[in-house]
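Keeping their order, the protein sequence lines are chains A and D.
Under the numbering used here, the letters of the first sequence match residues 338 to 883, in that order.
Under the numbering used here, the letters of the second sequence match residues 338 to 883, in that order.
Positions of the beta carbon are idealized from the N, C-alpha and C atoms, including for glycine.
Note that the structure is a prediction, hence the values are computed from the model and not measured.
There are 2 protein chains.
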Amino acid sequence: MVRFLDFDATAAGKRLVATKAPSLGSLLDSRRVASCQLPMGGGLAFNYAATAVDGSLLSLFAEFAAEQELVAKFSLLAKGEVMNPGEKRMVLHHLARGELAGKIVREGRDFRAFYEGERQKTAQFARRVRSGELRGSSGKPFATAVQVGIGGSDLGPRALYLALERGERRAGRATLAARFISNVDPDDADSVIASLDLASSLFILVSKSGTTQETLANETLVRARLAAAGLDPARHFVAVTSETSPLAKSADFLASFFMDDNIGGRYSSTSAVGGLVLSLAFGPETFAALLEGAHEEDLLALNADITKNPALLDAMIGVWERNALGMGSTAILPYSEALSRFPAHLQQLDMESNGKRVNREGRALSYATGPVIFGEPGTNGQHSFFQLLHQGMDPIPLQFIGFRENQLSADVRSEGSTSRGKLNANLAAQIMAFALGKADENGARHFPGERPSTLIHGDRLDARALGALLAHFENKVAFQGFAWNLNSFDQEGVQLGKLLAKKVLAMDSAATLAAATLTAATDGPAVKADAALAAYAQLLGTGTGR
Amino acid sequence: MVRFLDFDATAAGKRLVATKAPSLGSLLDSRRVASCQLPMGGGLAFNYAATAVDGSLLSLFAEFAAEQELVAKFSLLAKGEVMNPGEKRMVLHHLARGELAGKIVREGRDFRAFYEGERQKTAQFARRVRSGELRGSSGKPFATAVQVGIGGSDLGPRALYLALERGERRAGRATLAARFISNVDPDDADSVIASLDLASSLFILVSKSGTTQETLANETLVRARLAAAGLDPARHFVAVTSETSPLAKSADFLASFFMDDNIGGRYSSTSAVGGLVLSLAFGPETFAALLEGAHEEDLLALNADITKNPALLDAMIGVWERNALGMGSTAILPYSEALSRFPAHLQQLDMESNGKRVNREGRALSYATGPVIFGEPGTNGQHSFFQLLHQGMDPIPLQFIGFRENQLSADVRSEGSTSRGKLNANLAAQIMAFALGKADENGARHFPGERPSTLIHGDRLDARALGALLAHFENKVAFQGFAWNLNSFDQEGVQLGKLLAKKVLAMDSAATLAAATLTAATDGPAVKADAALAAYAQLLGTGTGR
């Protein structure tokens, strides 16, 4: 029987918190670069040479992982236990890529068969669109797929599309372009629409519940523009939703594809939410390769040996840096322009999963949980926020990602090296500069060093590697959630804002404000809060009828 | 005589650090929303109702500002004192928008006349391009301006271009499109180039020193592609650089425009670095309006009264949150898709300016300095990292930005409100949700509240408002740098990585690694470091000849 203990209730956790860093500068040598490395899925490797993790720390990680039963908990997830207790749901995104622990059948439904069936439906649909068999209402073949969704229906699929677009174009598979509309700000949708040939555009409406305010508002806007262009909106729209949603099987859609509540939004890129748009753009084979890479990586997460489980090791390094060293944020630094929006996806994945203040039973915690996640591609970041990373007051752990080959270019040489050579020389250089620093009598030129980083690297960023990269971070986040004994799979923190926004839209703010007459000193907190909300609404020109 | 004291050497600073927050929940009411507001330039306003700043804290801010002579120091900057002591330079970006304190003349050069002269040169050049008088080597008019630059030559201009593009298009002024190439990863340049009609593309090479490795590598790549397309590269390239750079007045450029060392990269958007591309895209009048808004805002920064100086007040709120409340990061949350890359610009502006560990004399500091800056547009962020902002362990101060009007759309109504109405209802709702929270017996649904935010708002995001917004944050960062007694205008932290990258490129990593034979235990730290660097270089397939 697996036990759920708070992080600070474990013996190893208490020791971990009290374990300070050995000197990274004295530790790091070429032997470490060669040996501190674990194979990942998709041909990638996880290198932790430039962290202060030595043999004794690694043992302590293993001890903690055993005591907190991290891999056993991951297995529960793989087996379909209710691992999202707040919402009483299973957590099955891994099942969209393959089975980790046999069949999961509930009330007659085989979930692997369900997800795989939907994948085959998207594949078949994508083939019909890509071949030109299925066309828009004016008879034009579809040339662009436009994803209309927000949060997990946007960030992951968008990051994956951008990550693969160049390589797939080079390989001649980028048959459709993809675009994305997410923000309820109508300047988002209008700007995307202005750049489209509507007659050859296929819109993918993505909302699991079918009730997402932003997404439905954008649907209205897009349908109005389609109709104004003399096109039949129903023949330019498909839906990705749950079977129980109002969008399911409506005549307003050319087709509908399904997911369910056991796959959370931020974990849904490998379901139809990401699968349809990627299959339309690059073909179902590319999406299948992505799933294959993710599944390879998922299998590694079941390994009880931390030296063979890169997501578990990455998670433990992060927990130690957060809880023992007090580091409050983590930077994601892909040396790959194709991964320009991957940090934004990880920002959601990590911060929405582990940005929690209560444990899985709802009791308030008293230790640090998920960090702030931010990042931009290198070398761009070097010319931006790296100053603070090198010489700011608080060390920030870094997660570098790099590849040995280009996606697109034949490249050019300048000053004796290729652009790829320069890119990766900078990456190698940064790792060392952060780790070792540099003494200098001039304080402004002194680099304290001792700033840890990890490196995920591979030959090339293709669909298989990308799938493994995605799954690595999903599994890392899950292990950290288990370590901190919180529920990584709900997001109650988004509810209050939604509620209050509805209140504003129902409120005639001018009238409410006048009625509250700037609130009397004797008014209760609820009246006072409503009046303040109305004042903000008025300031922003919103409320009833706006 | 102005004195430069460390933050913790001031009496008011010591009191500030010891001043904890009054309860935001009990403070915030509609009266505060109406009264806690300062006019900014460009028709904007700065509202701090949802911070815990009460009368006594405001007095303490004013006391600190007086003791640390923050406005006097800003005046020194405005007068052309050497306020970048490390590099022995003046700090004159404000002078690109207008004079704040009379003429600045050094060695016969009137700097305002110099910057204004260059602005007029860019305006004239832009008019010739926009009218079709000046054309590419094949005789085609230019339709796209492509900025080739990195860091400050990229982030600011890109953010400003995206911020204005929709509104300028609607106004019929978006005559040229702009694109940006920054990363040394050749997949960046190649991808942009693939989307261009080279015959109608004008490339703007931006490098103050004329030696930026990434930018020169991309220049080589672009020139090769132009030549391969049968075009004359010299007639498709202009330079923005300093007069002393190797790029100045070269026959390889159609024209050259100048800036100088008194304007740092991250502060250069209002010089020719941003001015040329914006003038080409939208016309010189739009750029002039942006400068006008920035100048209005700069003038406010000279006001000694903190209740009339929004940048100073914003800076002090941030200092208090950082040093007294221990908040380690700040989120920038524009409820405007047009500002999608503005947080990335502020990330550089703030983190590169104030991510420092020594004071302006180079002595190590023992108090917190610049925070981590991150952000994405709302409402997108609500469906992503807002979970952690609402319910994470550590409160993070938030800077909201909102507008009452759209840039583009006639908008649509759904469920009784427009998209704009929904956007701003969400913004008002979030401010209140963060400030007040919500009690709930279910821990997962409990919102602790007491999470402070500020709001910058205006009618519309046009060039003048954008200029004011830009200058506001520049001036806020300067005030914080003065508060912490550090040099906000150098960036020594970027040097070590550059040095080591050159070392890698000069190193045959395989040979170096073999020679180091995995480093003997007796080897000195320098040999060990070189061997580790070589090992990383080998891992990433870089080094001599790559």
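For the alpha helix (DSSP H) containing A/GLY739, list its first residue and its last residue.
-> Against the first sequence, residue 739 of chain A aligns to sequence position 402. Where A/GLY739 is concerned, there is no enclosing alpha helix (DSSP H), although the beta strand (DSSP E) it sits in stretches over 735 to 740.
Would a check of beta-carbon distances place D/LEU365 closer than 8 Å to chain A?
-> One-based indexing of the second sequence puts residue 365 of chain D at position 28. Closer than 8 Å: yes.
CB-CB under 6 Å to D/SER666, same chain, minus the five flanking residues each way: which ones, in chain order?
-> The residue you call residue 666 of chain D lines up with position 329 of the second sequence. Closer than 6 Å at Cβ, skipping near neighbours: PRO708, VAL709 and ILE733.
Is A/LEU414 helix, strand or coil by DSSP?
-> The residue labelled residue 414 of chain A in the question sits at position 77 within the first sequence. The answer is helix: DSSP assigns A/LEU414 an H, G or I state.
Using the rule of at least 16 other Cβ atoms within 10 Å of the residue's Cβ for burial, across every protein chain shown, is D/ARG340 buried or exposed?
-> Numbered from 1 along the second sequence, position 3 holds the residue referred to as residue 340 of chain D. With fewer than 16 Cβ atoms within 10 Å of its Cβ, D/ARG340 is classed as exposed.
A/ASN660 lies in the alpha helix (DSSP H); which residues open and close that run?
-> Taking the first sequence and counting its residues from 1, one reaches residue 660 of chain A at position 323. Element bounds for A/ASN660: 647 to 660.
Shorter than 8 Å from the beta carbon of A/MET769 to some beta carbon of chain D?
-> Indexing the first sequence from 1 puts residue 769 of chain A at position 432. Judged by the 8 Å Cβ criterion, A/MET769 is in contact with chain D.
Among A/SER606, A/ASP525, A/GLN461 and A/ARG472, which one has its Cα closest to the Cα of A/ALA800?
-> Within the first sequence, residue 800 of chain A is the residue found at index 463, counting from 1. For A/ALA800, the nearest C-alpha among the options comes from A/SER606.
Roughly how many whole angstroms lie between the Cα atoms of D/GLU418 and D/ALA409?
-> Start at 1 with the first residue of the second sequence, and residue 418 of chain D comes out as number 81. Start at 1 with the first residue of the second sequence, and residue 409 of chain D comes out as number 72. If I take the Cα positions, the gap works out to 11 Å.
Looking at D/ASN660 and the ligand MN, is the gap between the Cβ and the nearest heavy atom below 7 Å?
-> Ligands are entirely absent from the displayed structure, and the ligand MN is therefore not among its contents.
Quick one: which residues of the stretch 504 to 535 of chain D get their C-beta closer than 7 Å to a C-beta of chain A? List them in chain order.
-> Answer set for the stretch 504 to 535 of chain D: SER519, ASN520, VAL521, ASP522, PRO523, ASP524, ASP525, ASP527 and SER528.
Identify, in the order they occur along the chain, each residue of the same chain with its Cβ nearer than 6 Å to the Cβ of D/SER519, setting aside the five sequence neighbours on each side.
-> Position 182 of the second sequence holds residue 519 of chain D. Counting only residues of its own chain and dropping the five nearest sequence neighbours on each side, D/SER519 has a CB closer than 6 Å to the CB of ILE487 and ASP491.
Counting only runs that start and end within the stretch 338 to 376 of chain D, where is the alpha helix (DSSP H) found for 4 or more residues in a row?
-> Within the stretch 338 to 376 of chain D, the runs of alpha helix (DSSP H) that reach at least 4 residues and sit entirely inside it are, in chain order, 348 to 354, 361 to 364 and 367 to 372.
Closest by CA to A/SER790, which one among A/ALA766, A/THR552, A/ASP777 and A/LEU803?
-> The residue given as residue 790 of chain A occupies position 453 in the first sequence. Per the Cα distances, A/ALA766.
So, is the C-beta of A/PHE660 closer than 8 Å to a C-beta in chain D?
-> Residue mapping note: residue 660 of chain A aligns to position 323 of the first sequence, counting from 1. Looking at the sequence itself, residue 660 of chain A is Asn, so the reference to Phe does not match. Output row for A/ASN660: interface = no.
Is the CB of A/MET377 under 8 Å away from at least one CB in chain D?
-> Taking the first residue of the first sequence as 1, we reach residue 377 of chain A at position 40. False, the Cβ-Cβ gap to chain D never drops below 8 Å.
Would you mind listing the alpha helix (DSSP H) stretches within the stretch 489 to 564 of chain D that are 4+ residues and don't spill past its ends, in chain order?
-> Taken in chain order, the complete alpha helix (DSSP H) segments of 4 residues or longer contained in the stretch 489 to 564 of chain D are 492 to 507 and 523 to 531.
Residues of the stretch 425 to 446 of chain D with Cβ closer than 9 Å to any Cβ of chain A, in chain order = Per Cβ criterion, the list is empty.
Verify whether the separation of the beta carbon atoms of A/PHE540 and A/HIS573 is less than 8 Å.
-> Taking the first sequence and counting its residues from 1, the one referred to as residue 540 of chain A is at position 203. Taking the first sequence and counting its residues from 1, the one referred to as residue 573 of chain A is at position 236. Contact flag set, yes.
For D/LYS357 and chain A, any beta-carbon pair shorter than 8 Å?
-> Residue numbering aside, residue 357 of chain D sits at position 20 when the second sequence is read from its first letter. Taking Cβ atoms only, chain A never reaches closer than 8 Å to D/LYS357, which makes this a no.
Is the beta carbon of D/VAL904 less than 8 Å from the beta carbon of A/GLN719?
-> Residue coverage of chain D in this structure runs from 338 to 883, which leaves residue 904 of chain D outside it and unanswerable.
Cβ-based contacts, 7 Å cut-off: residues of the stretch 786 to 813 of chain A near chain D = HIS794: these are the residues of the stretch 786 to 813 of chain A whose beta carbon lies less than 7 Å from some beta carbon of chain D, given in chain order.
If you draw a straight line from the alpha carbon of A/ASN822 to that of A/GLU674, how long is it in whole angstroms?
-> As a first step, residue 822 of chain A must be located in the first sequence, where it is residue number 485. As a first step, residue 674 of chain A must be located in the first sequence, where it is residue number 337. Roughly 36 Å between the two C-alpha positions.
Tell me, please, which residues DSSP counts as bridged to A/SER606.
-> Within the first sequence, numbered from 1, the residue matching residue 606 of chain A stands at position 269. A/SER606 has no beta-bridge partner at all, per DSSP.
Determine the closest residue to A/ARG503 out of A/THR623, A/LYS839 and A/TYR604, with distance taken between C-alpha atoms.
-> The residue labelled residue 503 of chain A in the question sits at position 166 within the first sequence. Taking each of A/THR623, A/LYS839 and A/TYR604 in turn and checking the Cα distance to A/ARG503, the smallest one comes out for A/THR623.
Taking contact to mean at least 3 C-beta pairs separated by less than 8 Å, is the stretch 634 to 641 of chain D in contact with the stretch 537 to 557 of chain D?
-> Output reads no: the stretch 537 to 557 of chain D does not touch the stretch 634 to 641 of chain D.
If you count every other CB in all the chains shown that lies within 10 Å of the CB of A/ASP589, and 16 or more means buried, which is it?
-> Walking along the first sequence from the start, residue 589 of chain A turns up at place 252. A residue is called buried once 16 or more other Cβ atoms fall within 10 Å of its Cβ, and A/ASP589, having fewer, is exposed.
Along the alpha helix (DSSP H) that carries A/SER579, what are the first and last residues, could you check?
-> Numbered from its first residue, the first sequence carries residue 579 of chain A at position 242. Not the alpha helix (DSSP H): A/SER579 falls in the beta strand (DSSP E), residues 574 to 579.
Residue nearest to D/GLU698 in terms of C-alpha spacing, selected from D/ALA399, D/MET420, D/ASP447 and D/PRO376 = On the second sequence, residue 698 of chain D is found 361 positions in, with the first residue counted as 1. Nearest C-alpha to D/GLU698: D/MET420.
Of the listed residues D/HIS632, D/SER751, D/PHE398 and D/ARG464, nearest to D/ALA652 (C-alpha basis) = In the second sequence, the residue the question calls residue 652 of chain D occupies position 315. When the alpha-carbon of D/ALA652 is set against those of D/HIS632, D/SER751, D/PHE398 and D/ARG464, the nearest one is in D/PHE398.
Do you know offhand how far A/SER474's Cα is from A/THR557's?
-> Here residue 474 of chain A corresponds to residue number 137 of the first sequence, with the count starting at 1. Here residue 557 of chain A corresponds to residue number 220 of the first sequence, with the count starting at 1. If you take the alpha carbons of A/SER474 and A/THR557, they lie about 18 Å apart.
Could you tell me which chain A residues have their CB closer than 7 Å to the CB of D/LEU865, listed as they occur along the chain?
-> Reading the second sequence from its first residue, position 528 is the one you call residue 865 of chain D. Here the sequence assigns Lys to residue 865 of chain D, which means Leu is not the residue at that position. Within 7 Å Cβ-Cβ: ASP366.
For A/SER825, three-class secondary structure by DSSP | On the first sequence, residue 825 of chain A is found 488 positions in, with the first residue counted as 1. DSSP, read as helix, strand or coil, puts A/SER825 in coil.
Where D/PRO570 falls: helix, strand or coil (DSSP) | Here residue 570 of chain D corresponds to residue number 233 of the second sequence, with the count starting at 1. D/PRO570 falls in the helix class under three-state DSSP.
Residue-level contact to chain A via CB, D/ASN822, 8 Å cutoff | One-based indexing of the second sequence puts residue 822 of chain D at position 485. So no, D/ASN822 is outside the interface.
Could you please give the first and the last residue of the uninterrupted alpha helix (DSSP H) stretch that includes D/ILE768?
-> Your numbering for residue 768 of chain D matches position 431 in the second sequence. Looking at the DSSP string, the run of the alpha helix (DSSP H) that includes D/ILE768 is 756 to 773.
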